[in-house]
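**Student:** Numbering (my numbering), first residue to last: 487 to 760.
1. Run through the DSSP bridge pairs and tell me what residue 704 is partnered with.
2. Tell me, please, whether the CB atom of residue 515 is closer than 8 Å to any CB atom in chain D?
3. Under the rule that 16 or more other beta-carbon atoms within 10 Å means buried, what is residue 550, buried or exposed?
4. Classify residue 615 as buried or exposed, calling it buried when 16 or more other Cβ atoms lie within 10 Å of its own Cβ.
5. Starting from residue 730 and walking both ways along the beta strand (DSSP E), at which residues does that stretch end?
6. Under 8 Å between the Cβ atoms of residue 630 and residue 643?
7. Could you tell me which residues DSSP puts in a beta bridge with residue 686?
8. Whose CA, out of 622, 635, 617 and 684, lies closest to the CA of residue 651?
9. Taking 7 Å as the limit between beta carbons, can you name the residues of its chain near residue 540, skipping five residues before and five after?
10. Quick test of your reading: residue 676 and residue 712, contact by CB under 8 Å. State the CB separation rounded to the nearest angstrom.
11. Would you grab the beta carbon distance between residue 581 and residue 622 for me? Rounded to a whole angstrom, and I think it's under 8 Å.
12. Could you tell me if residue 639 is buried or exposed, where buried requires 16 or more neighbouring beta carbons within 10 angstroms of its beta carbon?
13. Judging by CA-CA distance, which residue of 705, 752 and 490 is the nearest neighbour of residue 693?
14. So which of 528, 697, 496 and 558 has the shortest CA-CA distance to residue 737?
15. In its own chain, which residues sit with a C-beta less than 8 Å from the C-beta of residue 570, not counting the 5 before and 5 after it?
16. Counting beta carbon pairs with one atom in the segment 586 to 593 and one in the segment 551 to 559, are three or more of them shorter than 8 Å?
17. Candidates 673, 545 and 754: which alpha carbon is nearest residue 721's?
18. Curious, which full-length alpha helix (DSSP H) runs of at least 4 residues does the segment 565 to 640 contain?
19. Let me know the secondary structure DSSP gives residue 511 once reduced to three states.
20. Out of 529, 732, 605 and 489, which one is the CA nearest neighbour of residue 751?
21. Quick check on DSSP: helix, strand or coil for residue 750?
22. Just grab the DSSP bridge partners of residue 497 for me.
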């Protein structure tokens with residue numbers, strides 16, 4: 487039986503408890519929570535112990551905490567401190583709510599001092615984050631970003647870096663939008679160990695040049711130009727049985743009622759497998 491997840495980016499400005507309610511009422515299995523929403527919840531007096539109990543009551547669980555940004559350009563040991571402090575905070579959230587993974591995304595090219603060291607510096611960063619995460623029983627899901635100005639924008643590059651990091655608690659996150667925007671190909675899936683795929687994001691894209699695509703151009707699955715049915719078939723053929731999660735950053739959707747958006751999103755995802 488396939489599992490479906492709701493990423494907090496989909497509902498945008500809705501708060502953490504609204505995301506929980508939307509996921510419960512729309513029949514999701516997992517949540518991907520955003521660190522900004524967790525911080526707002528805690529600052530308002532919320533307690534993650536209570537939130538975890540509410541998850542159990544709703545028959546939901548958190549799968550990932552998103553997202554450690556700008557995480558791969560700090561290759562020198564002396565500059566890892568702020569990154570690892572952020573990583574520890576994310577892992578504390580994950581441990582508190584029972585989430586197995588936190589997500590990290592790459593730095594952009596304008597942050598990279600030496601383009602020749604992108605792979606090595608990213609591997610150093612992931613290795614260091616993995617060591618922190620292991621102390622919390624958490625894994626690091628590395629999500630490449632398909633934007634032209636991102637330092638790691640294809641599945642092939644992400645796999646190379648994860649392999650170079652060489653830690654058992656580091657894997658990849660595949661986002662359909664980024665897979666398409668960055669020009670990843672089916673061949674890049676060949677030989678990928680499904681156990682190292684920590685989650686898959688399903689989203690579509692507007693029909694415009696790939697180099698122009700930004701997060702606001704995401705669409706509900708099936709409403710755009712990405713060949714999603716073929717992609718999910720190929721990923722399932724690898725043996726992947728983890729959650730399929732909706733991650734939409736489109737402001738237009740943030741004006742929708744969160745429960746309605748969650749329901750439509752789940753229906754659109756499920757239709758890809760029919």
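Even for Gly, the Cβ is constructed at its ideal location relative to N, Cα and C. On a predicted model such as this, the values are computed, not experimentally measured, just so you know.
**Tutor:** Considering the structure as presented:
1. To locate residue 704, count along the chain shown from 1; it is residue 218. Beta-bridge analysis with DSSP links residue 704 to 691.
2. Within the model displayed, chain D is absent; a lone protein chain is all it includes.
3. The residue labelled residue 550 in the question sits at position 64 within the chain shown. In this structure residue 550 is buried. Its beta-carbon is surrounded by 16 or more other beta-carbon atoms within 10 angstroms.
4. Within the chain shown, the letter at position 129 stands for residue 615. Counting Cβ neighbours within 10 Å, residue 615 comes out buried, since at least 16 surround it.
5. Looking up residue 730 in the chain shown gives position 244. Residue range 730 to 732 is occupied by the beta strand (DSSP E) that includes residue 730.
6. Stepping through the chain shown from its first residue, residue 630 is reached at position 144. Stepping through the chain shown from its first residue, residue 643 is reached at position 157. In this structure, residue 643 lies closer than 8 Å to residue 630 by Cβ.
7. Within the chain shown, numbered from 1, the residue matching residue 686 stands at position 200. According to DSSP, residue 686 bridges with 660 and 730.
8. Taking the chain shown and counting its residues from 1, one reaches residue 651 at position 165. Of all alpha-carbon atoms in 622, 635, 617 and 684, the one lying nearest the alpha-carbon of residue 651 is that of 617.
9. Walking along the chain shown from the start, residue 540 turns up at place 54. Closer than 7 Å at Cβ, skipping near neighbours: 506.
10. Sequence index remark: in the chain shown, residue 676 carries index 190 (1-based). Sequence index remark: in the chain shown, residue 712 carries index 226 (1-based). Contact doesn't hold; Cβ gap of about 20 Å is too wide.
11. The residue labelled residue 581 in the question sits at position 95 within the chain shown. The residue labelled residue 622 in the question sits at position 136 within the chain shown. With a Cβ gap of about 5 Å, residue 581 and residue 622 count as contacting.
12. If you number the chain shown from 1, residue 639 lands on position 153. Buried.
13. Within the chain shown, numbered from 1, the residue matching residue 693 stands at position 207. That would be 705, whose Cα lies nearest to the Cα of residue 693.
14. Here residue 737 refers to the residue found at position 251 of the chain shown. Ranking 528, 697, 496 and 558 by CA distance to the CA of residue 737 puts 496 first.
15. Counted from its first residue, the chain shown places residue 570 at position 84. When the five nearest sequence neighbours on each side are left out, the beta carbons in the same chain lying within less than 8 Å of the beta carbon of residue 570 are those of 614, 615 and 618, in order along the chain.
16. The segment 551 to 559 is in contact with the segment 586 to 593.
17. Within the chain shown, numbered from 1, the residue matching residue 721 stands at position 235. Answer by Cα proximity: 673.
18. Complete alpha helix (DSSP H) runs here, min 4: 567 to 583 and 604 to 620.
19. One-based indexing of the chain shown puts residue 511 at position 25. In the displayed model, residue 511 falls within a helix according to three-state DSSP.
20. Taking the first residue of the chain shown as 1, we reach residue 751 at position 265. Residue 732 is the option with its Cα nearest to residue 751.
21. For the purposes of this step, residue 750 is taken as the residue at position 264 of the chain shown. It is helical.
22. Position 11 of the chain shown, counted from the first residue, corresponds to residue 497. Paired residues: none, contrary to the question.
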